[in-house]
Structures are given as C-alpha cells and as structure tokens.
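Q: Pasting a structure below so you can have a look.
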Amino acid sequence: MIKKILGVAVALVVSNAAIADSYRTEITAGATDSDATDTSLDLGIRYHFQEVDTSGKPLAEAAFLNKSSNVYAKTANIAGDGDTATTAGVEFYLPNTMFYGGFDVTKTDDNTSWTATLGVTPIDGLLVTTSYEEDVDYDLNLDAKYVTTLGNGHAINLEANVIDGEEDVLWSLGGDYYLSNNTSLGLAFSDYTGNDTDVTVRGRHFFSNEFFAGASFTAADNNDTIALEAGLRF
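Using mature numbering (1 follows the signal peptide of the UniProt record, and there is no 0), the letters of the sequence shown map in sequence onto residues -20 to -1, 1 to 214.
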C-alpha cells in the first residue's frame, strides 16, 4: 500500500512538472508612450494548436524553437484621439517540411487590410520570410530570425529586416542575449535611408514559467519611446 501511495505521489509530481514546462495560451498587455503621439494601450492573446514545451529553452523563444502553429488577436488604442487598430492572424508551420506561412487582417477606424507572409526554416532555429500587404506595391523585403542555445541556460536571438523601396531603403538589426532561460537583454538599430536612425534597448524577465514582464526604450531622431509589457501563460 505504501509503495502504491508513493508511486501515485511521484506520478503527480512528474505530471505537474510537465504541465509547468508547457503552455498553450498567452495573454499580453502593454503600454507605449512616445513624444510624437499619445499613450497607446494594447491587449493581445495567442493560442497554440499544440502544447508548447519550454523545458531547456529560453522561455521567450520556446514557441519559435518548437515551430508552433498558432492563431492570435491583438488590439491597440491611442488614448488621446481614440484611434483603434485590431489585428487577427494565423501562423502555420507545414509539418515535416521547411515551409512557413502567415496571414493577418487589420482593421482600423478608417480601413481594413490584409498581409500574407511566406517563409522557410532551412535549419533549426532560423526563419526567413517575405510579406505582401494588400493594395501596396510589393517591394523586396526580407525578415530573418535566428535563435541558438549556448548551454548552461544561455542563448542568443538575432534578427534582421530589410525593405528595398523604389527610392528608400529601410533596414534593422537586433539581438538579445539570454543570461538565463528566464532573462534577456537586447539591443536593436534601424535606419531609414540614412536619414532617420533608431536605437532600442530592451529587456524581459520571466518571474515564473507563467508570468513575465518586459520594457524597452527607443531613442529616435525626432522622438523617444518607452514601452512596457506584461504577459501570462497557461
């Protein structure tokens, strides 16, 4: 009898540990304050089709590393003028292939538009995509994201983006260093044809597998922006 009780207890502990190392739903809330505009408040939710295993991975990058297909919705409201933008979309990794697809629809007070994205994952941890926006002439654009673990809870996230327009070129580079699976510090740069340059410092910390908070500060040529975010997973 004692052995049976101990066996059940061990099974419950293992089961709870497994649950703690995975999630399916993420809810986020944030606020952005910019010199150029009024404060913006946003709320988002993302649902993954399968449980996201976070064990042994940077918690912020677990879904990306798992190639987790999902649906999401988010809304943002600018406090001063009441403008609202709502987006709903889907990300899908085609099973047993390197192909990725995304689609979203955004509705504002004045317009509704959609964006389609196609991409490939040629190696583990790397995603390269290009996007087309409705009613906008296609300009060559590429987004790349690469995450690799370094061992002992350390990891690196690298991101790059370029849009080659008819007259202007926009590019950005960014990276995050994971001090642990829970904590990251990052830096990003963006440049618009040599005229406007932004520098962003950012950080995020998971207080547990379920709750996190983050902040960023962006210094631009014409204005500065502070953003705060918090999220809950279950």
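Note that CB positions come from ideal geometry on N, CA and C, so glycine has one too.
1. Have a look at LEU106, THR128, PHE191, LEU98 and flag the residue whose alpha-carbon is nearest the alpha-carbon of LEU120.
2. Which residues mark the beginning and the end of the beta strand (DSSP E) in which LEU122 is found?
3. As an exercise, report each continuous beta strand (DSSP E) stretch of at least 3 residues that is fully enclosed by the segment 142 to 180, in chain order.
4. Kindly list the residues whose CB is nearer than 6 angstroms to the CB of ASP204, restricted to its own chain and excluding five residues on each side of it in sequence; keep chain order.
5. Which word fits GLY10, buried or exposed, when buried means at least 16 other C-beta atoms lie within 10 angstroms of its C-beta?
6. Mind checking VAL(-8): buried by the 16 CB within 10 Å criterion, or exposed?
7. Per DSSP, what kind of secondary structure is PHE44 in: helix, strand or coil?
8. For LEU208, which three-state DSSP category applies?
9. Tell me whether PHE197 is buried or exposed, calling it buried when 16 or more other Cβ atoms sit within 10 Å of its Cβ.
10. Can you grab the Cα-Cα spacing for the pair HIS185 / LEU165, in whole Å?
11. In the DSSP assignment, find the unbroken beta strand (DSSP E) run with THR19 in it and report its ends.
12. Would VAL127 pass as a contact of GLY105 if the rule is Cβ separation under 7 angstroms?
13. Output yes or no for whether 7 angstroms exceeds the beta carbon distance between GLU113 and THR95.
14. Tell me whether the beta-carbon of ASN137 lies closer than 7 angstroms to the beta-carbon of ASP156.
15. Closer than 7 angstroms by C-beta to ALA40: which residues in its own chain qualify, once you throw out the five before and the five after it? Chain order, please.
16. Taking only runs of the beta strand (DSSP E) that begin and end inside the segment 62 to 107, which ones reach a length of at least 3 residues, in chain order?
17. What residue range does the beta strand (DSSP E) around ALA200 cover?
18. Per the DSSP calculation, GLY183 is bridged to which residue(s)?
19. Out of curiosity, what's the CA-to-CA distance linking THR110 and ASP148?
20. Relative to the C-alpha of PHE44, which residue among GLY36, VAL32, TYR52, VAL51 is closest?
21. Could you check where the beta strand (DSSP E) with THR55 kicks off and where it finishes?
A: This is what the structure holds:
1. LEU98
2. 120 to 131
3. 149 to 158, 163 to 172
4. ASP15
5. buried
6. For VAL(-8), the predicted model reports a pLDDT of 35, less than 50, meaning its position is unreliable; a value from the coordinates is still stated below. Answer is exposed; the Cβ neighbour count stays below 16.
7. helix
8. strand
9. exposed
10. 9 angstroms
11. Note, THR19: premise wrong, no beta strand (DSSP E); not H, not E.
12. yes
13. yes
14. yes
15. SER164, ARG184
16. 64 to 73, 79 to 87, 92 to 100
17. Segment: none, ALA200 is in no beta strand (DSSP E) and carries neither H nor E.
18. LEU165, ALA195
19. 18 angstroms
20. VAL32
21. 50 to 58
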